Amino acid sequence: MTWEYALIGLVVGIIIGAVAMRFGNSKLRQQQALQYELEKNKAELEEYREELVSHFARSAELLDNMADDYRQIYQHMAKSSSNLLPGMSPDANPFRNRLAESEAGNDQAPVQMPRDYSDGASGLLRGSAKRD
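Per the UniProt record's numbering, the very first residue in the sequence shown carries number 1; after that it's consecutive.
So, in structure tokens, the structure goes:
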């Protein structure tokens, strides 16, 4: 009978010890609090990223609409000025630099691409080429 009491006491002691360790360990509580804060911050960051993507998508759409409207207004004013003021010289017309009809559908102005090379030797190679 004494070994049964010893075994029951051991089991009860293990259970009480596990409960005491679980609720009494401040580092474990601190770790759980930090884990919760980390998950919360990750969720907030993901929500912020989604808002940012949505904002830039909407901004790009609005800018595209604004560019189209500007292009249409400019073409309208250029056509109207030439129709309503047929005797005006091209230099006096404020819309003399109007867009050609073929360029009207183009979103961007022509861009001069820079070259990625130079015409002659430069830098360190120029000096060594003269010595050889």
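Beta carbons: idealized from backbone N, C-alpha and C, even for Gly. Remember, predicted model here, so these are calculated numbers, not experimental data.
The three-state reading of DSSP puts N65 in helix, counting H, G and I together. Distance from the CA of G87 to the CA of D68, rounded to the nearest whole angstrom, comes to 30 Å. Looking at the backbone, the Cα of V11 and that of G24 are separated by about 19 Å.
Taking C-alpha positions only, S59 is separated from R49 by approximately 15 Å.
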